[in-house]
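The structure appears below as structure tokens.
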Amino acid sequence: YDRRDASQARRAAASPGLTYLETLCLQLELKFDGKIAEVYCNRFQDPSHHIVWHKDTYGRHIFVLSLGRRGVVEFRDTKTRQIEAIQPTSGDLYFMPLKMNDTHEHRVLKAAEAVSNEETNKENG
Numbered sequence: 003y004d005r006r007d008a009s010q011a012r013r014a015a016a017s018p019g020l021t022y023l024e025t026l027c028l029q030l031e032l033k034f035d036g037k038i039a040e041v042y043c044n045r046f047q048d049p050s051h052h053i054v055w056h057k058d059t060y061g062r063h064i065f066v067l068s069l070g071r072r073g074v075v076e077f078r079d080t081k082t083r084q085i086e087a088i089q090p091t092s093g094d095l096y097f098m099p100l101k102m103n104d105t106h107e108h109r110v111l112k113a114a115e116a117v118s119n120e121e122t123n124k125e126n127g
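Taking our numbering, the leading residue of the sequence shown gets 3, the next gets one more, and so forth.
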């Protein structure tokens, strides 16, 4: 939701979930000395849900708070094609600076791909 929109803020006040989200936003703003303008939620409804390679075009820094299933997020350098991965668990927070879109794209793997990659890494590691 757009926190700058007064009508959406009033609606948020009437929703327990959005009230909690607003509390989290205020805490993050204090901790990181910045303003959160918008909040987007991706709900991974089943193990096949994923997000394909992309660059974000919001024109803002992005914080991601993981609230659900343990997933794998991959970041790929657009020149070298080298991939780095993180696996946030529920409650983890990570930051994607705006400049990251100049050099990388990212995706969220399907649950089965994440398990397969984890098993391969154990075998090779």
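Where a beta carbon is used, it is the ideal one built from N, C-alpha and C, also for glycine.
Unbroken alpha helix (DSSP H) run spanning TYR22, endpoints:
Start at 1 with the first residue of the sequence shown, and residue 22 comes out as number 20. It spans 18–34 - the alpha helix (DSSP H) in which TYR22 sits, taken as one unbroken run.
Counting Cβ pairs closer than 8 Å, one from the region 8–18 and one from the region 52–68, do we hit at least three?
no
How many angstroms separate the CA atom of LYS112 from the CA atom of LEU32?
Your numbering for residue 112 matches position 110 in the sequence shown. Your numbering for residue 32 matches position 30 in the sequence shown. Taking C-alpha positions only, LYS112 is separated from LEU32 by approximately 34 Å.
Among CYS27, VAL41 and TYR42, which one has its Cα closest to the Cα of PHE35?
Residue mapping note: residue 35 aligns to position 33 of the sequence shown, counting from 1. Position check: residue 35 holds Asp in this sequence, whereas Phe was assumed. If we check each option's Cα against that of ASP35, CYS27 comes out closest.
Quick one: what's got a C-beta closer than 6 Å to PHE77's C-beta in the same chain, skipping five residues either side?
As a first step, residue 77 must be located in the sequence shown, where it is residue number 75. Cβ neighbours of PHE77 beyond the five flanking positions: GLU86, HIS106 and HIS108.
Quick one: is GLY73 buried, meaning 16 or more other Cβ sit within 10 Å of its Cβ, or exposed?
Against the sequence shown, residue 73 aligns to sequence position 71. With 16 or more Cβ atoms within 10 Å of its Cβ, GLY73 is classed as buried.
Give the straight-line distance between the Cα atoms of LEU67 and GLN10, rounded to the nearest whole angstrom.
Here the question's residue 67 lines up with position 65 in the sequence shown. Here the question's residue 10 lines up with position 8 in the sequence shown. Their backbone Cα atoms lie some 21 Å apart in a straight line.
For the putative contact between SER50 and LEU69, defined by C-beta atoms under 8 Å, what is the C-beta separation to the nearest angstrom?
The sequence position of residue 50 within the sequence shown is 48, counting from 1. The sequence position of residue 69 within the sequence shown is 67, counting from 1. That pair is no contact at about 19 Å.
To the nearest angstrom, how far is it from the Cα of MET98 to the Cα of ILE64?
In the sequence shown, residue 98 corresponds to position 96, counting from 1. In the sequence shown, residue 64 corresponds to position 62, counting from 1. Those two C-alpha atoms are separated by around 5 Å.
Mind checking LEU95: buried by the 16 CB within 10 Å criterion, or exposed?
Numbered from 1 along the sequence shown, position 93 holds the residue referred to as residue 95. Per the 10 Å Cβ criterion, exposed.
Sheet register partners of ALA14 (DSSP bridge)
On the sequence shown, position 12 is the one that residue 14 refers to. DSSP lists no partner for ALA14.
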